[in-house]
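Notes follow once the structure below has been shown.
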Amino acid sequence: MQFLTWVVPMELGISRIPVRREDIKKLKAMGARCIVCLATEWEIAPYWGGIYSYEHAVVNEGMEFYFLPVEPGGAPSTREMIRLLEWISSRATKGRPSAVHCFAGVGRAATVAAGYLIFSKGMTAEAAIDYMRRIRPGAIETYAQEEALMTLSAFLTSILIGQIPIEIALNPPERRKRGIIDRLIAIFRH
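Using my numbering, the letters of the sequence shown map in sequence onto residues 115 to 304.
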């Protein structure tokens, strides 16, 4: 299996966990300018000592870093996935491709990559899963990962057909509450 598999050339690739500085340099040489880490801290620790030293090594190479730990076999929540996909997409439009990894680059990373195909390319969940399994054998390992992609696809479709107002999708209840709390704090500070 290749170290970096481009899912969408010069937008998003997937890889296994970089285990030394040379791996980070290799990802950069292959075109990645951002690294998205889905591995847990206990998966990172044997190679980097911890997440902070890993992030430091990435940033020292002039790359951006996004950390969203997901347990093996799992997937990000729909909201976590959308936030991450927005981040990846915003970097891609600025010519800063991302390499997303979990531990082996097959389950969690492939799930996020399939999510990117749904989110930015308009693919169905089924088509995105099939595509990922063709380019990365064994990709999307669990039912939970498949289900996360089906949920993401249904959520985005609901927005597109107007079942969920875009304002609610972009401003979920917990964010609206936080906005109210922030305004109250600002009032009491003055």
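Each residue gets a CB set at the ideal place from its N, CA and C atoms; glycine is no exception.
Straight-line Cα distance separating residue j from residue i
| i | j | result |
| --- | --- | --- |
| I254 | F269 | 19 Å |
| V173 | A239 | 33 Å |
| E136 | I165 | 17 Å |
| R222 | V214 | 9 Å |
| V220 | W120 | 13 Å |
| S191 | M264 | 12 Å |
| M237 | D244 | 11 Å |
| Y161 | G209 | 29 Å |
| I232 | G163 | 35 Å |
| G307 | S167 | With the chain covering 115 to 304 only, the question about residue 307 has no answer from this structure. |
| L274 | E169 | 36 Å |
| R193 | R134 | 31 Å |
| E200 | Y230 | 9 Å |
| I278 | T271 | 9 Å |
| R130 | C216 | 6 Å |
| W156 | E185 | 10 Å |
For residue i, three-class secondary structure by DSSP
| i | result |
| --- | --- |
| I138 | helix |
| L152 | coil |
| I131 | coil |
| A146 | coil |
| A189 | coil |
| L199 | helix |
| V214 | strand |
| E125 | coil |
| E175 | coil |
| L231 | helix |
| T119 | strand |
Beta-carbon gap between residue i and residue j smaller than 8 Å
| i | j | result |
| --- | --- | --- |
| A228 | A218 | no |
| A224 | M195 | no |
| V226 | L266 | no |
| I138 | A159 | no |
| S212 | A146 | yes |
| F117 | K142 | no |
| T154 | P132 | no |
Any non-hydrogen atom of the ligand HEM within 7 Å of residue i CB
| i | result |
| --- | --- |
| M264 | Among the ligands in the structure shown, none appear at all, so the ligand HEM cannot be discussed. |
Inset, instruction - Give, in chain order, every unbroken run of the alpha helix (DSSP H) that is at least 4 residues long and sits entirely within the segment 246–278. - result: 257–274
Inset, instruction - Count the CB pairs spanning the segment 251–266 and the segment 165–184 that are closer than 8 Å, and state whether there are at least three. - result: no
Legend entry - Three or more C-beta pairs below 8 Å linking the segment 119–136 and the segment 200–220: yes
Inset, instruction - Count the CB pairs spanning the segment 144–160 and the segment 256–264 that are closer than 8 Å, and state whether there are at least three. - result: no
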